[in-house]
Each structure stands twice: as C-alpha cells, then as structure tokens.
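Engineer: Pasting a structure below so you can have a look.
Number of protein chains: 2
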Amino acid sequence: MASLNKLGPAEGIDVLTRTPAVLNALLRGLPDVLVRSNEGKDTWSAFDIVGHLIHGERTDWMPRLRIILESGETRAFDPFDRLAQFRQSRGKSLEQRLDEFTRLRSDNLAALRALNLQNEDLTRRGRHPALGVVTLSQLLATWVAHDLTHLHQLARVLAYQYRDAVGPWSAYLGVLHCGGHSA
Amino acid sequence: MASLNKLGPAEGIDVLTRTPAVLNALLRGLPDVLVRSNEGKDTWSAFDIVGHLIHGERTDWMPRLRIILESGETRAFDPFDRLAQFRQSRGKSLEQRLDEFTRLRSDNLAALRALNLQNEDLTRRGRHPALGVVTLSQLLATWVAHDLTHLHQLARVLAYQYRDAVGPWSAYLGVLHCGGHSA
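From first to last, the protein sequence lines are chains B and Z.
Counting in the working numbering, the first sequence runs from 1 upward without gaps.
Counting in the working numbering, the second sequence runs from 184 upward without gaps.
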C-alpha cells in the first residue's frame, strides 16, 4: 500500500501498531486508584477507555473499511455504540482487556495488510450515518487519530487524579486545563 | 516512603517509572514526518518534547527536591529554562535523546529512593521563584503530572498531523479541539 502523500497509510499503520505497547507500558499493573478513576460523572476511566478501543476494533474500523470496499456509498456504516464498554468490560480485569485489545489490533492490522490496498482504493467512498460521504483514506486517518485522541484522554484522566496534589503548580500544567471532558 | 493518602508517592513513582517505556513505544523509530512536526510557529514537536523532559530530569525535579531538603524556604529554586532543549537537542537523533531520558529518569528515581523519604518529609516546604511556597509532596505530584501533561501534548501534536486527513470525522476527535497549543 503506497502513500498518497508524505503522511500516508504506512505511517498511520506504524502508529496503530504501537498503541497496544503504549497502553501496556502506561497502564498494565498500575494501581486501581489510577486505572479506575475518572474525571467525574459520565466521564471515562482508563479502564473504560481501553474497553472503548476494544469495541472499535470489533465493530468500527475494519468492518467499516469492508463496507466501503463491498458496498461503497450504497450502504451506510452501522452506528458505533460509544457506551458498549460499560456492558462488555464488566467483571474483567484491566490486564484481560489489554490482552484482548492487543490481539484484536494485531488481527485487524494483519487483515488490513492482506487486503493489499492500492492507491486508487484510498479514494473509495463510503457513507457515515451522521457525517455523510467519507473516503477510505479518511477512515484510515481517523483510526489513527482516534487512538491518539484516547491517548490524549488517558493522560488527562490520569493527570486529573493529581489536580489537587500539585498545589500552585496547577497553573503551569496544560493537561489540567484542557477544554471539555470528552475524548 | 509511605503514602499520605491513597494516591501517594508510591503511585507517583510507579507512573514516573513507566514514562521512558511509554515514550519508547510511542516514538522510537517513528518516521520523522511525525516526530519532527509541530503544531505551527513556536510550538513543539515530539522531538522537542523529549528534549524538554530531559532538561527537567537534569535541572528541575531532583535538584529542587534537594534544595527543599537542604535549604527549605530560605533558597528559591533556580528558574527552569523551558527552551533549553532547542540548544541541547541540536544534531542529536530522537533515539539518542530517548536513551538519555531513560537513563536520567532511572538514575533520578534511584536517587529518590535512596533518600528514603518519610511521611514528615512530604510536608517540607520550599520556595518556587514565581509560585511562592510549595511542599515536597506538591513537587513530587507535579513531576508526575508534568510527565502526563507532555504525554497529553505528544498525543495532540501527533494527531495534529492528521487534522486534514480525517475529513468530516474531525468533529468527533477531541484531541483536535483541545484548547491552546502549549503543554
């Protein structure tokens, strides 16, 4: 699969390949007081975020890519359930979920490589149920940026647990002043 | 070193210990188009951020902790140079800088453990040149939150390179709408 420009699918796949190792280094074995704490009502903990990434591997990225290849714009993507992890993570440990994510991501990237996409495939169009027409190239870039948005969120959720402990240094810590508590 | 509360120095040291592995997993070997790109004029690339973290290991955290132990409030901390990395990183590779950070962090955490701080040490006071009186406990918490603020920034800087490529999905990606382009 070649690049359309200097930041193409190859660099994106490089980032996607790294995410399991990044999450393992950051979270595996971390105390529950950090892993299970969130930013307040209706926000996500690190544990919830890993569950959300798993659900994306199962139902979002590769399934949507296949819909684009098979049906183009004629069939809209299935809507993504942003709260599925609260059912699916129940009773599981963070370590189990990290293993699950690592395996699913690896399988998905192997499946993506096996498709042997060509440059002309990157411009294929699909239909998002809310956003309308999107391209396969945009879907791949979004997969990457979605990993990064949740790494960004993870750093913020963990830092939030230190919001009082840092005292006056709070003023210098951008992570404590990031707008909005969504992903 | 015991905890003052459930989120004490032990958990903080756990996070600090992980950061080199997190940065290595995220950045080592990543293409320059991602590592060397920033968010525009006067912003930092991933490469610059690693240099900033190195400078903190050399001149900020443990030196300030020692000033608190040795001089308390009578001697203000030396101001921190937020632009030192632009001189010190020149001509070096990301891989060299990651190795340097890994070694310095390991040495600093060994030195911190060797101090064998007790609960009563955590309330010792020092003087920040701009923020005024701070405690040793706040300094330790800030070391942790500072790692996380730069991980948050790293995710944002990398995601920024995908701001156009994601097309209409931009609306759903919080990392592309984080207020401010500082750390």
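Ideal placement from N, C-alpha and C gives every residue a C-beta, glycine not left out.
1) Work out the CA separation of valine 349 (chain Z) and threonine 149 (chain B) for me, nearest whole Å.
2) Please report the straight-line C-alpha distance between proline 351 (chain Z) and asparagine 119 (chain B), rounded to a whole angstrom.
3) Does proline 129 (chain B) have its Cβ less than 7 angstroms from a Cβ in chain Z?
4) Is there a Cβ of chain B sitting closer than 7 angstroms to that of leucine 331 (chain Z), yes or no?
5) Would you give the residue range spanned by the alpha helix (DSSP H) that histidine 335 (chain Z) belongs to?
6) How many angstroms separate the CA atom of alanine 130 (chain B) from the CA atom of proline 79 (chain B)?
7) Who pairs with valine 133 (chain B) in a beta bridge, going by DSSP?
8) Restricting to Cα atoms, I'd like to know which of B:Ser37, B:Leu7 and B:Asp147 is closest to tyrosine 355 (chain Z).
9) Helix, strand or coil, according to DSSP, for arginine 346 (chain Z) in the structure here?
10) From the beta carbon of alanine 345 (chain Z), is the nearest beta carbon of chain B less than 7 angstroms away?
11) How big is the Cα-Cα spacing for aspartate 14 (chain B) and proline 20 (chain B)?
12) May I have the straight-line CA-CA distance separating leucine 190 (chain Z) from serine 220 (chain Z), to the nearest angstrom?
13) Name the one or two DSSP bridge partners that alanine 294 (chain Z) has.
14) Measure the alpha-carbon distance for glutamine 85 (chain B) versus arginine 308 (chain Z) and round it to whole angstroms.
15) Looking at the secondary structure, which residues open and close the alpha helix (DSSP H) in which aspartate 261 (chain Z) lies?
16) Tell me which same chain residues have a C-beta within less than 8 angstroms of the C-beta of alanine 159 (chain B), skipping the five on either side of it?
17) So with Cβ pairs under 7 angstroms, would you call valine 157 (chain B) a contact of chain Z?
18) What does leucine 30 (chain B) touch in chain Z if you count any residue whose Cβ is under 7 angstroms from its own?
19) Serine 228 (chain Z) versus chain B: which residues are under 9 angstroms apart at the beta carbon?
20) Please report the straight-line C-alpha distance between leucine 122 (chain B) and histidine 128 (chain B), rounded to a whole angstrom.
21) Quick check on alanine 2 (chain B): buried or exposed, where buried means 16 or more other Cβ atoms within 10 Å of its Cβ?
22) Helix, strand or coil: how does DSSP classify arginine 103 (chain B) here?
23) Mapping the DSSP letters down to three states, classify asparagine 116 (chain B) as helix, strand or coil.
24) Does the beta carbon of lysine 92 (chain B) sit closer than 7 angstroms to a beta carbon anywhere in chain C?
25) Is threonine 123 (chain B) close to chain Z, meaning its C-beta is less than 7 angstroms from at least one C-beta of that chain?
26) In whole angstroms, what is the alpha-carbon distance linking asparagine 188 (chain Z) and serine 320 (chain Z)?
27) Identify whether proline 20 (chain B) lies in helix, strand or coil by the three-state DSSP scheme.
28) Classify leucine 210 (chain Z): buried if its beta carbon has 16 or more other beta carbons within 10 angstroms, exposed otherwise.
Structural biologist: To lay it out plainly:
1) Here the question's residue 149 (chain B) lines up with position 149 in the first sequence. Here the question's residue 349 (chain Z) lines up with position 166 in the second sequence. Taking the straight line from one Cα to the other gives about 12 angstroms.
2) Residue mapping note: residue 351 (chain Z) aligns to position 168 of the second sequence, counting from 1. Residue mapping note: residue 119 (chain B) aligns to position 119 of the first sequence, counting from 1. C-alpha separation (whole angstroms): 21 angstroms.
3) Sequence index remark: in the first sequence, residue 129 (chain B) carries index 129 (1-based). Output row for proline 129 (chain B): interface = no.
4) Along the second sequence, one-based indexing puts residue 331 (chain Z) at 148. Answer yes: the Cβ-Cβ gap between leucine 331 (chain Z) and chain B drops below 7 angstroms somewhere.
5) What you label residue 335 (chain Z) is simply residue 152 of the second sequence in a count that begins at 1. That run of the alpha helix (DSSP H) goes 319-343.
6) For the purposes of this step, residue 130 (chain B) is taken as residue 130 along the first sequence, with counting starting at 1. For the purposes of this step, residue 79 (chain B) is taken as residue 79 along the first sequence, with counting starting at 1. Taking the straight line from one Cα to the other gives about 8 angstroms.
7) Here residue 133 (chain B) refers to the residue found at position 133 when the first sequence is read from its first residue. For valine 133 (chain B), which the question treats as bridged, DSSP gives the partners B:Arg127.
8) By 1-based counting over the second sequence, the position of residue 355 (chain Z) is 172. With distances taken between Cα atoms, tyrosine 355 (chain Z) lies closest to B:Asp147.
9) Translated into the one-based positions of the second sequence, residue 346 (chain Z) becomes position 163. It is coil, neither helix nor strand.
10) Reading the second sequence from its first residue, position 162 is the one you call residue 345 (chain Z). What sits at residue 345 (chain Z) in the sequence shown is tyrosine, not alanine. So yes, tyrosine 345 (chain Z) belongs to the interface.
11) Indexing the first sequence from 1 puts residue 14 (chain B) at position 14. Indexing the first sequence from 1 puts residue 20 (chain B) at position 20. When rounded, the distance between both Cα atoms is 12 angstroms.
12) The residue you call residue 190 (chain Z) lines up with position 7 of the second sequence. The residue you call residue 220 (chain Z) lines up with position 37 of the second sequence. Taking the straight line joining both Cα atoms gives about 35 angstroms.
13) If you number the second sequence from 1, residue 294 (chain Z) lands on position 111. According to DSSP, alanine 294 (chain Z) bridges with nothing at all.
14) Along the first sequence, one-based indexing puts residue 85 (chain B) at 85. Along the second sequence, one-based indexing puts residue 308 (chain Z) at 125. Roughly 44 angstroms separates the two Cα atoms.
15) In the second sequence, the residue the question calls residue 261 (chain Z) occupies position 78. Counting along the chain, aspartate 261 (chain Z) falls outside any alpha helix (DSSP H), and DSSP gives it neither H nor E.
16) Here the question's residue 159 (chain B) lines up with position 159 in the first sequence. Excluding residues within five positions, the ones whose Cβ falls inside 8 angstroms are Leu173, Val175 and Leu176.
17) To locate residue 157 (chain B), count along the first sequence from 1; it is residue 157. No - not a single Cβ of chain Z is within 7 angstroms of the one on valine 157 (chain B).
18) Stepping through the first sequence from its first residue, residue 30 (chain B) is reached at position 30. Here the neighbours are Asp197.
19) Within the second sequence, the letter at position 45 stands for residue 228 (chain Z). Per Cβ cutoff of 9 angstroms: no residues; serine 228 (chain Z) is ~14 angstroms from chain B at best.
20) Position 122 of the first sequence, counted from the first residue, corresponds to residue 122 (chain B). Position 128 of the first sequence, counted from the first residue, corresponds to residue 128 (chain B). The alpha-carbon atoms of leucine 122 (chain B) and histidine 128 (chain B) are separated by roughly 16 angstroms.
21) Along the first sequence, read from residue 1 onward, the residue named residue 2 (chain B) stands at position 2. Residue confidence is low: alanine 2 (chain B) scores 38 on pLDDT, short of 50, so the model does not pin down where it sits. Its coordinate-derived value is still stated next. Exposed: under 16 other Cβ atoms inside 10 Å.
22) The count along the first sequence starts at 1 and reaches residue 103 (chain B) at position 103. In the structure shown, arginine 103 (chain B) sits in a helix (DSSP, three-state: H, G or I).
23) The residue labelled residue 116 (chain B) in the question sits at position 116 within the first sequence. Three-state DSSP puts asparagine 116 (chain B) in coil, outside helix and strand.
24) Checking the listed chains, one finds no chain C in this structure; the protein chains it contains are B and Z.
25) Locating residue 123 (chain B) in the first sequence gives position 123, where the first residue counts as 1. It does not; no Cβ of chain Z falls within 7 angstroms.
26) In the second sequence, residue 188 (chain Z) corresponds to position 5, counting from 1. In the second sequence, residue 320 (chain Z) corresponds to position 137, counting from 1. Caution applies to asparagine 188 (chain Z), whose pLDDT of 47 falls short of 50 and renders its modelled position unreliable; the value that the coordinates give is listed next. Between asparagine 188 (chain Z) and serine 320 (chain Z), the C-alpha separation is close to 11 angstroms.
27) Here residue 20 (chain B) is taken as the residue at index 20 of the first sequence, counted from 1. In the structure shown, proline 20 (chain B) sits in a helix (DSSP, three-state: H, G or I).
28) Taking the second sequence and counting its residues from 1, the one referred to as residue 210 (chain Z) is at position 27. So leucine 210 (chain Z) ends up on the buried side.
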